[in-house]
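Residue numbers (the numbering used here), protein chains in the order written: chain Y, 1 to 292; chain R, 1001 to 1369. Just so you know, even glycine gets a beta-carbon here, dropped at the ideal spot from N, CA and C. It should be emphasised that the depicted structure is a prediction, and the values quoted were computed from it without experimental measurement. Below: one structure, written as structure tokens.
Listed below in structure tokens is the structure:
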């Protein structure tokens, strides 16, 4: 138990970070039926912006700026790359998402010069060492799951009890009918991207304070894993994404704890394939019947 | 009838001209010249792009596992062709590795040069067959999935394969996370072009056969295709296996081109790159994929080089044209194509269509006058 404990604590923390990214995937998929391949790169950009801003100004100005920049990026991506393809086949939309991911990575390469940007204690209080159940760890490991739960609760409230949330649920159920009912579909979709990017920005801040540096590809793995979490939990479902992310975070860290670090990535994808083959709708997904 | 013949002749003429150009390049330039390198790399990409197009463009199965199958082909080629004498130094951390034979040396009874060539081709073939076998096994569960789920599942398989090949437990064969090197390669661009060309010709024959028509029917409407008596799962699996075979062979050629093999370059970004080539060329056009591969590789590796090194088209601006600007410009161009020219360069047209159309246009003009 003593030896497993640090991995459990880490797992919950990693799970929280995955959950924040996974919600972005699941919200967008719920409405647009699009795997937003660029979401992992938005996450990476948030990390980069954090590194740049925290070295230039105090963190209480820098952190809101990171959120604003990331939200703006998510909004612009939807506006420029996805909106013109609203009536196009789904495959074009997915290709466009892949193109955006490629573009963001290459732009980031140009700006950073391809050099890994070191992360040096960006947020003072959060990286302090604390002792938890007799284990020494950083405070961020404790803050992450709490903040995740808080944000998810707020999001669930927003979706279940506000007008915008109702519009989002309607759009997710039936895109065209929602439009006929007078819902401004474009603003709903923009809102989805804004929320998703905001959560990704928070996730990035928590994730990258714990990692030594930000590189241009450091968003793709967490992005893919968060997507797996979203699928595992049932894509389109927010509680599903959160539960899936925590399970995947815990399992990965436990596998690392058992000494099979090489296989922690492979496990995630094996889980994805197993879920897709056995129960494609995931843990909490709604059953969809294909109409011809 | 005569126009058909004319089309065929013109197509042959264009292909012969392309081949002649390659021969001239090979004869006049040294093998380390950038033109030779770029043509070789473009031929590899052309084969892989066509294999992806067969699956994504002609059968409508959106798979993103290409890099995984290429990885398998590349490793198979390298492992089977490293000379026995050099195995100790390549597998220095794994006691000389598990295998103690090399295909080019087994075929050496055919003579020095011919034996090496046959051995290399056999290794490529083995790589392709392994990829095809794996595709068959993966296809059993995965091909039941639809569009984006299929894409993610195949992407997942490619990633699993990549981590597996870096695992030290397989080290005696794959050399773990260390490089595989010292294997024989083609040094001439024409060899790459010829090999890729022959394989692509096989794909073209396949697409024009009844199987090819069945693939297109599945792409256009699965339900209607099934109603017409096409066995969906059989044809999907077949397309997946064949496409993976060519991706495997392409991976082997990629190993030849790169000179060393490691699992790292075969990331999902390589699949994305190939997908973007297919999209630029036009989903559903072999000719498009070929032209796009050459355009893509030529511009990214050669023509736009100046954007990275300070001077482009005579403009000297080292502050702007620094490392990475080339790919940034390039990806903007790709986004423009993806968003505004969704049919790509060729749409679903092929080379003979282009050549055959010209006389018709002239006739119309004559009639108009």
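CA-to-CA, the gap between residue 1175 of chain R and residue 81 of chain Y works out to about 42 Å. Residue 1142 of chain R has its alpha-carbon roughly 35 Å from the corresponding atom of residue 1094 of chain R.
Closest by C-alpha distance to residue 182 of chain Y, out of Y:195, Y:164, Y:117 and Y:196, is Y:164. By the Cβ neighbour-count rule, residue 133 of chain Y is exposed, with fewer than 16 other Cβ atoms within 10 Å of its own.
Cβ neighbours of residue 170 of chain Y within its own chain (closer than 8 Å, five residues either side excluded): 177, 178, 181 and 183. Considering only Y:33, Y:225 and Y:48, the residue with the shortest C-alpha distance to residue 209 of chain Y is Y:48. Here the alpha carbons of residue 43 of chain Y and residue 1079 of chain R stand approximately 38 Å from one another. Following the DSSP letters along the chain, one finds residue 136 of chain Y inside the beta strand (DSSP E) bounded by residues 135-138. Non-local C-beta neighbours of residue 91 of chain Y in its own chain, meaning closer than 7 Å and more than five positions away in sequence, are absent. Every alpha helix (DSSP H) of 4 residues or more that sits fully in the stretch 1267-1300 of chain R is shown, in chain order, as 1268-1281 and 1286-1298. In terms of beta-carbon proximity, residue 218 of chain Y stays away from the interface with chain R, with every pair separated by 8 Å or more. By the Cβ-count criterion, residue 275 of chain Y is buried, with 16 or more other Cβ atoms from all chains shown falling within 10 Å of its own Cβ.
The C-beta of residue 1069 of chain R has 16 or more other C-beta atoms within 10 Å across all chains shown, which makes the residue buried. Taking a C-beta cut-off of 9 Å against chain Y, none of the residues of the stretch 1224-1239 of chain R qualify. Here the alpha carbons of residue 1295 of chain R and residue 160 of chain Y stand approximately 51 Å from one another. Remark: C-beta atoms of residue 9 of chain Y and residue 222 of chain Y do not approach each other more closely than 8 Å. Between residue 51 of chain Y and chain R, the shortest Cβ-Cβ separation is not below 8 Å. Contact with chain Y is found for residue 1149 of chain R, since one of that chain's Cβ atoms lies less than 8 Å from the residue's Cβ.
Rounded to whole angstroms, the gap between the alpha carbons of residue 66 of chain Y and residue 1154 of chain R is 34 Å. Look at residue 1177 of chain R here: in three-state DSSP terms it is coil, with no helix or strand label. Residues 1115, 1118 and 1119 of the same chain have their beta carbon placed closer than 6 Å to that of residue 1107 of chain R, with the five preceding and five following residues left out of the count. Between the beta-carbon of residue 1025 of chain R and that of residue 1036 of chain R there is about 6 Å, and that keeps the pair under the 8 Å contact cut. Within 9 Å of the CB of residue 1272 of chain R, the CB atoms of chain Y belong to 37, 98, 99, 101 and 102, in sequence order along the chain. Of the other Cβ atoms in all chains shown, 16 or more fall within 10 Å of the Cβ of residue 1253 of chain R; this residue is therefore buried. In terms of CA proximity to residue 263 of chain Y, R:1160 leads the group R:1247, R:1147 and R:1160. With fewer than 16 neighbouring CB atoms inside 10 Å of its own CB, residue 60 of chain Y falls in the exposed class. When 8 Å is used as the limit between beta carbons, residue 1163 of chain R is near these residues of chain Y: 262, 263, 265 and 266, in chain order. By the neighbour-count criterion, in which a residue is buried when 16 or more other Cβ atoms sit within 10 angstroms of its Cβ, residue 1340 of chain R is exposed. The beta carbon of residue 117 of chain Y sits closer than 7 Å to the beta carbons of 48, 51, 213 and 214 from its chain, once the five residues preceding and following it are set aside; these are given in chain order. If you draw a straight line from the Cα of residue 255 of chain Y to the Cα of residue 1033 of chain R, it is about 48 Å long. Contact between the stretch 1202-1218 of chain R and the stretch 1232-1251 of chain R is present: three or more C-beta pairs spanning the two stretches fall below 8 Å. For residue 261 of chain Y, the secondary structure class from DSSP, reduced to helix, strand or coil, is coil. Non-local beta-carbon contacts of residue 38 of chain Y in its own chain, meaning distances under 7 Å to residues more than five positions away in sequence, involve 77, 97, 100, 101 and 104 in chain order. Near chain Y, meaning a CB-to-CB distance below 8 Å, the residues of the stretch 1158-1185 of chain R are 1159, 1160, 1163, 1164, 1166, 1167 and 1168. Residue 1092 of chain R counts as exposed, since fewer than 16 other C-beta atoms from the protein chains shown sit within 10 angstroms of its C-beta. Residues of chain R with a Cβ closer than 7 Å to the Cβ of residue 73 of chain Y do not exist; the shortest Cβ-Cβ separation is about 15 Å.
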